[in-house]
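Per our numbering, numbering through the sequence shown is continuous, rising by one, with the last residue being 702.
Even glycine gets a Cβ: it sits at the ideal position worked out from N, Cα and C.
This report concerns only the one structure given below.
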Amino acid sequence: MGSIIALSALSINVVADGGEEDPLAEAGLTLIALRNDTLDTNQDGETDAIRVVVVLNSDQESTNLELRLIGEYKDREVTEILQFTFSGQSNASLTYDAWASGEHELRLQIVDQDGNIISTIPLPTYVLRPALQTPSIVLALNAPQHIETGDECTISRIFSDETGPRYGATGVRTFSGAPFTVLDSQNALDCSHWPAGDYLLKEAYRNDLGQATEDWLNLTIHNRPAPDFSLVVNGNGNATDTECKVMLKQADDEIDFSAFQMIWRIQGSQLEGNIGDEFDCSSLPAGVHLISLEVINNELISAIEGINLVRLPGTDLTDEQKEVAPSRSYGEDTETESVGWISIGVLGLVVVVLSYLILVRVKDDTDELPMRDLGPSPMILADGSPDPEGLPTTTDDEGVLWRQHPDGNHDWWDNELRIWVRW
């Protein structure tokens with residue numbers, strides 16, 4: 280595991296202060312040697328790990344021990360544990376990987392099989408720089424610059440944390456902003472089927488060592504417009520014995536219409552079967568036909584275009600076909616039927632008789648009906664001015680002419696009816 284930068288070895292017989300009995304000796308153990316190796320595991324010139332090697336001797340046939348290498352950094356402890364069984368003399372090693380940059384205080388604990396601490400041995404303090412990768416999150420978008428519903432869209436979640444799992448301090452990942460639930464196991468999110476809208480995506484992580492990271496991604500998905508197309512006709516206005524086709528023409532050739540649903544209708548009635556983007560109208564009879572095409576894309580957004588198609592009767596028709604076909608003009612060659620002068624004369628006589636009867640009836644009705652009273656006759660003088668009938672008159676500020684009766688009542692002159700109106 281890396282190269283050894285520094286090596287220190289010592290042989291220790293641990294005796295408690297004040298002459299007290301050595302706790303290792305009471306447990307039947309002897310610490311033969313203790314060595315600390317500083318390591319540079321990533322070869323960057325910085326110390327990032329400490330390997331502690333312990334040589335122990337036991338006077339028992341079988342000894343079960345647990346070694347705990349404890350590192351403390353800013354009041355937070357990380358422990359490496361090794362359990363082993365031996366008899367006689369044996370050695371063991373533990374490696375402490377730095378998880379943060381700074382001073383790490385180390386100590387070694389020797390624990391018996393019942394979990395009781397036999398001895399705690401202080402170790403030097405080291406300035407370390409971690410080689411383990413700290414938590415990192417990257418949200419990478421793989422999609423067109425202008426995203427529409429149904430476009431290929433993928434969000435890669437690039438996550439790493441070597442430090443938390445190394446010390447059993449794995450944290451929790453949280454993801455927010457997506458329209459659906461996102462699991463930690465989903466390394467890539469398929470946003471091809473997300474509804475249109477603005478999304479603010481955020482993923483955050485924090486392990487039990489207090490290390491945290493997060494990343495943001497702004498994403499906008501636009502509604503895909505309805506299919507844009509027109510209908511091109513070959514045979515409109517031609518005879519029924521000529522070729523006729525109605526074809527779809529895309530406004531944008533880069534859009535693939537082959538996966539879209541196409542529904543053809545005649546006079547509003549849907550045609551059966553998968554006709555595709557070209558309709559053969561040669562079999563339509565003579566007349567005017569409303570032909571429409573509805574195109575539905577993969578997002579169920581539809582558009583409809585329609586045309587009025589005229590089909591004329593063919594030139595070589597049988598008598599039966601002519602009876603059911605609409606009338607057609609052949610110019611000067613068009614056959615016409617004579618109505619007859621006798622029929623015209625009879626019709627004119629009937630019109631004259633009816634007119635006479637109506638006029639006689641109107642004259643009789645006029646003698647019986649009185650004329651409607653149209654109101655008083657105009658009260659004007661020979662020169663066309665209002666006749667005040669000898670009463671005093673005056674004109675107000677609005678130009679209305681008034682006259683006053685002896686009893687104090689007033690009349691005003693109505694220029695339209697040319698009469699006096701009592702006030």
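Query, Result
"For the alpha helix (DSSP H) containing leucine 303, name the first residue and the last one.", "302–305"
"Can you name, in chain order, every residue of its own chain whose Cβ lies under 8 Å from the Cβ of lysine 524, other than the five neighbours on each side?", "Val512, Asn513, Gly514, Glu557, Phe558, Asp559, Cys560, Ser561"
"If you follow the alpha helix (DSSP H) that proline 401 is part of, which residue opens it and which one closes it?", "No alpha helix (DSSP H) contains proline 401, which is instead part of the beta strand (DSSP E) from 396–407."
"Please list, in chain order, all residues of the same chain as tyrosine 478 whose beta carbon is under 6 Å from its beta carbon, the five residues on each side excluded.", "Gly456, Leu498"
"Return the CA-CA distance between isoleucine 397 and glutamate 441, expressed in angstroms with no decimal places.", "32 Å"
"Return the CA-CA distance between arginine 452 and proline 414, expressed in angstroms with no decimal places.", "11 Å"
"8 Å is my cut-off, CB to CB: does aspartate 535 come that close to chain C?", "Absent here is chain C; the protein component of the structure consists of one chain."
"Restricting to Cα atoms, I'd like to know which of Glu384, Thr309, Asn688, Gly516 is closest to proline 401.", "Glu384"
"Can you tell me the Cα-Cα spacing of isoleucine 437 and asparagine 486, whole angstroms?", "16 Å"
"Round the Cβ separation of alanine 410 and alanine 328 to the nearest angstrom and send it over; I've been treating them as touching at under 8 Å.", "7 Å"
"In the DSSP output, which residue or residues are listed as bridge partners for aspartate 323?", "According to DSSP, aspartate 323 bridges with nothing at all."
"Going by DSSP, what residue range makes up the beta strand (DSSP E) through threonine 499?", "491–501"
"Leaving aside the five residues before and after isoleucine 580 along the sequence, list all residues of the same chain whose C-beta is less than 7 Å from its C-beta, in chain order.", "Arg503, Ala505"
"Could you pull the DSSP bridge partners for leucine 680 from this structure?", "Thr674"
"Given alanine 538, which residues of its chain have a CB within under 7 Å of its CB, disregarding the five upstream and five downstream residues?", "Asn577"
"So, under 8 Å CB-CB, glutamate 427 and histidine 501 are touching, yes? Tell me the CB distance rounded to an integer number of Å.", "5 Å"
"Alanine 518 bridges to which residues according to DSSP?", "Leu591"
"Once the 5 residues before and after leucine 510 are set aside, which same chain residues still bring their CB inside 8 Å of it?", "Val525, Met526, Leu527, Lys528, Ile570, Leu572, Glu584, Gly585, Ile586"
"Nearest to leucine 480 by CA position, among Ala582, Pro423, Thr460, is which residue?", "Thr460"
"Going by DSSP, which residues form a beta bridge with glutamate 557?", "Met526"
"In angstroms, rounded to a whole number, what distance separates the CA positions of asparagine 688 and glycine 663?", "24 Å"
"With DSSP collapsed to three states, give me the class of valine 629.", "helix"
"Take the Cβ of leucine 638 as the centre, count every other Cβ of all protein chains shown within 10 Å, and call the residue buried at 16 or more, exposed below.", "exposed"
"Since I believe histidine 684 is in contact with leucine 670 (beta carbons under 8 Å), could you give me their beta-carbon distance rounded to a whole number of angstroms?", "6 Å"
"Quick one: what does DSSP say threonine 460 is sitting in, helix, strand or coil?", "coil"
"From Leu310, Leu303, Val332, pick the residue whose C-alpha is nearest to that of serine 317; which is it?", "Note that residue 317 is threonine in the sequence shown here, rather than serine. Taking only the C-alpha atoms, the option nearest threonine 317 is Val332."
"If distances are taken between C-alpha atoms only, which option among Ala379, Leu420, Asp494 comes closest to tyrosine 446?", "Ala379"
"For arginine 701, does the count of other Cβ atoms within 10 angstroms reach 16, so buried, or fall short, so exposed?", "exposed"
"Taking Cβ positions, are glutamate 382 and valine 406 nearer each other than 8 Å?", "yes"
"Quick check on this structure: which residue in Gly367, Gln368, Ser372, Ser366 has the alpha carbon closest to the alpha carbon of glutamate 359?", "Ser372"
"Using beta-carbon positions only, say whether aspartate 430 and alanine 419 come within less than 8 Å of one another.", "no"
"In the structure shown, what three-state DSSP assignment does tyrosine 446 receive?", "coil"
"In chain order, what residues of the same chain lie with their CB nearer than 6 Å to the CB of serine 439, ignoring the 5 residues before and after it?", "Gln412, Ser415"
"Cα separation between threonine 594 and alanine 518?", "8 Å"
"Helix, strand or coil for glycine 367, going by three-state DSSP, please let me know.", "strand"
"When the Cα atoms are used, what is the spatial distance from threonine 399 to leucine 348?", "10 Å"
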